[in-house]
Amino acid sequence: MQPNLVGPATTFSTEIRVALEQEYGQGQVVVTKLLDDSSVVVVLPMRDDGQTNAQIRNASGDVRCETEIPASFRGGSGFADAYYVHGELTAFFIRPGRDFACVVDEKTGRILKSYETR
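Shown next, in the form of structure tokens:
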């Protein structure tokens with residue numbers, strides 16, 4: 012997916028969301044603009060193959076990086092949401108009976124730390 016994204020920075024996240032919803036279905040993706048207004052974090056529908064479903068995309072819609080699922084989280088469902096918590100980009104990972112918050116580096120997609128939320 013590479014939508015033709017033009018216009019002010021305030022609309023590129025909406026354009027990315029609309030393009031992804033055309034591909035995956037309405038309400039099936041999470042798109043959150045990063046604080047620096049240069050890109051967005053995207054959470055796609057959870058996958059059955061154990062691959063990551065969270066990525067950071069540039070304003071052009073190109074994937075900058077993916078947030079890898081930590082080996083210790085294998086067997087979980089995947090990332091369900093991503094937003095800022097106390098100024099830190101945080102992706103939420105779902106496992107049966109346990110959920111984790113993962114603080115994500117906005118430049119690399121690498122998980123900096125994680126903690127159980129329930």
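In terms of the working numbering, the sequence shown has 22 at position 11, counting the first letter as 1, and numbering is strictly consecutive. We put the CB at the ideal spot given by N, CA and C, even for glycine. Every value quoted in this text rests on a predicted model; they were computed, and no experiment measured them.
Going by CA-CA distance only, name the one from the options that's closest to residue i.
i      : options                      : result
Thr43  : Asp110, Gly72, Gly61         : Gly72
Val52  : Asp110, Ala82, Phe23         : Phe23
Asp47  : Arg68, Leu55, Arg106         : Arg68
Arg109 : His97, Ile80, Thr128, Leu123 : Thr128
Thr25  : Ile105, Thr63, Phe84, Ala70  : Ala70
Arg75  : Lys124, Ile122, Lys118       : Lys118
Lys124 : Gly87, Asp60, Glu99          : Glu99
Gly87  : Asp60, Ile122, Ser49         : Asp60
Report the three-state DSSP secondary structure of residue i (helix, strand or coil).
i      : result
Pro81  : coil
Ser71  : coil
Thr25  : helix
Glu32  : helix
Gln37  : coil
Glu117 : coil
Ordered along the chain, which non-local residues of its own chain (more than five positions away) have a Cβ less than 8 angstroms from that of residue i?
i      : result
Tyr126 : Phe111, Ala112
Met12  : Reliability of the predicted coordinates at Met12 is poor, the pLDDT of 43 falling under 50, and the value obtained from them is presented with this limitation in mind. Counting only Cβ-Cβ distances below 8 angstroms, and skipping sequence neighbours, we find Ala30, Leu31, Glu34, Gly72.
Asp92  : Val41, Val54, Ala102, Phe103
Near residue i, what residues of its chain come up, given a Cβ to Cβ distance below 6 angstroms and the 5 sequence neighbours on each side ignored?
i     : result
Gly18 : Any answer about Gly18 is weak, because its pLDDT of 48 lies below 50 and its placement is not dependable; what the coordinates show is given next. So the list is empty, once near-sequence residues are dropped.
Glu77 : Thr63, Gln66, Gly120
According to DSSP, what are the bridge partners of residue i?
i      : result
Asp92  : Phe103
Asp110 : Ile105
Lys44  : Val51
Gln66  : Val53, Glu77
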